[in-house]
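> Have a look at this one before I ask anything.
Residue numbers (my numbering), protein chains in the order written: chain U, 1 to 122; chain Y, 123 to 232.
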């Protein structure tokens, strides 16, 4: 059974940093791209970052590019999201997700973790 | 970015058919491959993949869920609606990066 378990969320002041982790099990982690998707309170879903199987390629939307860094440790079956220069609009539940690459060059997400809450507030 | 538009709320009676729509700002199909996907999210839970590539049922999803559509117009159908189906439903396109989601349709009981 595929399991994705996030950790590392919490309350952080604007401008500070936070690092999220995701522990994966139930599949061969090193064979899959991985991603983060977030959901602001009472809002919709927003893709945040994707990383290739080896970690050599990473992808971000403009809203977080230059502030967030996705990484992975295949030996530990773990995914990470380093978030710097946090803003109030980054307040959201962050989900670790397994993307499936699609014909259009983008992807959809076949498994999701339970999510971890990040609150950016002074 | 491709914008996906969904109606915010759909009220339905148990045992009836629910039809949830999603319209894209541009085509999300390549030849006969429709790059639209559907997720279910119950309160306090993570999203769950229901339908991929417009009409393919994800693993473990009951057959009362189905999807259709092409180009810019897509539909998720639940027939018959059961109490366990009360949730928010999101469409998502993978035609282009960034992958984008609709704002969601909340399925409510009439």
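Yeah, the Cβ is synthetic: ideal placement off N, Cα and C, and Gly gets one too.
(1) Note down, one range per segment and in chain order, each beta strand (DSSP E) of at least 3 residues found wholly within the stretch 50 to 111 of chain U.
(2) Under a CB-based cut-off of 8 Å, is residue 108 of chain U close to chain Y?
(3) Look up residue 30 of chain U in the DSSP assignment and say whether it is helix, strand or coil.
(4) Any chance you could list the beta strand (DSSP E) runs of at least 3 consecutive residues sitting entirely within the stretch 132 to 198 of chain Y, in chain order?
(5) Which same chain residues end up closer than 7 Å to residue 13 of chain U when comparing Cβ atoms and leaving out the 5 residues on each side of it in sequence?
(6) Across the stretch 72 to 90 of chain U and the stretch 17 to 29 of chain U, are there enough close Cβ pairs to call them in contact, namely three or more that are closer than 8 Å?
(7) To which residues of the same chain is residue 133 of chain Y closer than 6 Å at the C-beta, ignoring the five residues directly before and after it?
(8) Would residue 112 of chain U pass as an interface residue toward chain Y - the criterion being a Cβ-Cβ separation below 8 Å?
(9) According to DSSP, residue 116 of chain U sits in a beta bridge with which residue or residues?
(10) Counting only Cβ pairs nearer than 7 Å, list the residues of chain B close to residue 115 of chain U.
(11) Could you pull the DSSP bridge partners for residue 40 of chain U from this structure?
(12) Tell me, please, whether the CB atom of residue 223 of chain Y is closer than 8 Å to any CB atom in chain U?
(13) For my contact list, residue 45 of chain U and residue 130 of chain Y are in at a C-beta cut-off of 8 Å; report their separation, rounded to the angstrom.
(14) By the criterion of Cβ-Cβ separation under 7 Å, what are the contact partners of residue 47 of chain U in chain Y?
(15) Could you run through the stretch 160 to 194 of chain Y and flag, in chain order, every residue whose CB is less than 9 Å away from some CB of chain U?
(16) Quick check on residue 95 of chain U - is its C-beta less than 8 Å from some C-beta in chain Y?
(17) How many angstroms separate the CA atom of residue 91 of chain U from the CA atom of residue 6 of chain U?
(18) What are the residues in the stretch 202 to 218 of chain Y lying within 8 Å of chain U by C-beta distance?
(19) To which residues of the same chain is residue 137 of chain Y closer than 6 Å at the C-beta, ignoring the five residues directly before and after it?
(20) Could you pull the DSSP bridge partners for residue 25 of chain U from this structure?
(21) Who are the Cβ neighbours of residue 209 of chain Y in its own chain at under 7 Å, not counting the five residues just before and after it?
(22) Measure from the C-beta of residue 61 of chain U to each C-beta in chain Y and report whether the shortest distance is under 8 Å.
(23) If you reduce the DSSP assignment to three classes, tell me which class residue 209 of chain Y lands in.
Taking the definition as stated:
(1) At a cut-off of 3 residues, the continuous stretches assigned as beta strand (DSSP E) that sit fully inside the stretch 50 to 111 of chain U are 68 to 73, 78 to 83 and 92 to 101.
(2) On the first chain, residue 108 of chain U is found 108 positions in, with the first residue counted as 1. Yes - at least one Cβ of chain Y is within 8 Å of the one on residue 108 of chain U.
(3) Position 30 of the first chain, counting from 1, holds the residue named residue 30 of chain U. In this structure, DSSP gives residue 30 of chain U a helical state, which the three-state scheme calls helix.
(4) 140 to 146, 158 to 163, 170 to 174 and 187 to 192
(5) For the purposes of this step, residue 13 of chain U is identified with residue 13 of the first chain, where counting begins at 1. If we look at residue 13 of chain U and ignore the five residues flanking it on each side, its Cβ neighbours are 122.
(6) The stretch 72 to 90 of chain U is in contact with the stretch 17 to 29 of chain U.
(7) As a working mapping, residue 133 of chain Y is identified with position 11 in the second chain. Excluding positions up to five away in sequence, the list reads 230 and 232.
(8) To locate residue 112 of chain U, count along the first chain from 1; it is residue 112. Residue 112 of chain U counts as touching chain Y.
(9) Taking the first residue of the first chain as position 1, residue 116 of chain U is located at position 116. U:94, per the DSSP bridge assignment.
(10) The structure shown contains no chain B; its protein chains are U and Y.
(11) On the first chain, residue 40 of chain U is found 40 positions in, with the first residue counted as 1. DSSP output for residue 40 of chain U lists no bridge partner at all.
(12) Along the second chain, one-based indexing puts residue 223 of chain Y at 101. Closer than 8 Å: yes.
(13) Taking the first residue of the first chain as position 1, residue 45 of chain U is located at position 45. Taking the first residue of the second chain as position 1, residue 130 of chain Y is located at position 8. Going by Cβ atoms, the distance from residue 45 of chain U to residue 130 of chain Y rounds to 15 Å, so no, they are not a contact pair.
(14) Within the first chain, residue 47 of chain U is the residue found at index 47, counting from 1. Those within 7 Å of residue 47 of chain U in chain Y are 220 and 221.
(15) 161, 163, 167, 168, 169, 170, 171, 174, 175, 180 and 181
(16) Residue numbering aside, residue 95 of chain U sits at position 95 when the first chain is read from its first letter. So, interface residue.
(17) Here the question's residue 91 of chain U lines up with position 91 in the first chain. Here the question's residue 6 of chain U lines up with position 6 in the first chain. The straight-line gap from Cα to Cα measures roughly 16 Å.
(18) 212, 214, 215, 216, 217 and 218
(19) Along the second chain, one-based indexing puts residue 137 of chain Y at 15. Short of 6 Å from the beta carbon of residue 137 of chain Y, and not among the five residues preceding or following it, lie these beta carbons of its own chain, in chain order: 202.
(20) Taking the first chain and counting its residues from 1, one reaches residue 25 of chain U at position 25. Beta-bridge pairing links residue 25 of chain U to U:3.
(21) Within the second chain, the letter at position 87 stands for residue 209 of chain Y. Result list for residue 209 of chain Y: 162, 163, 164 and 229, in chain order.
(22) In the first chain, residue 61 of chain U corresponds to position 61, counting from 1. Taking Cβ atoms only, chain Y reaches closer than 8 Å to residue 61 of chain U, which makes this a yes.
(23) Residue 209 of chain Y sits at position 87 when you count from the first residue of the second chain. Residue 209 of chain Y: coil per DSSP, three-state reduction.
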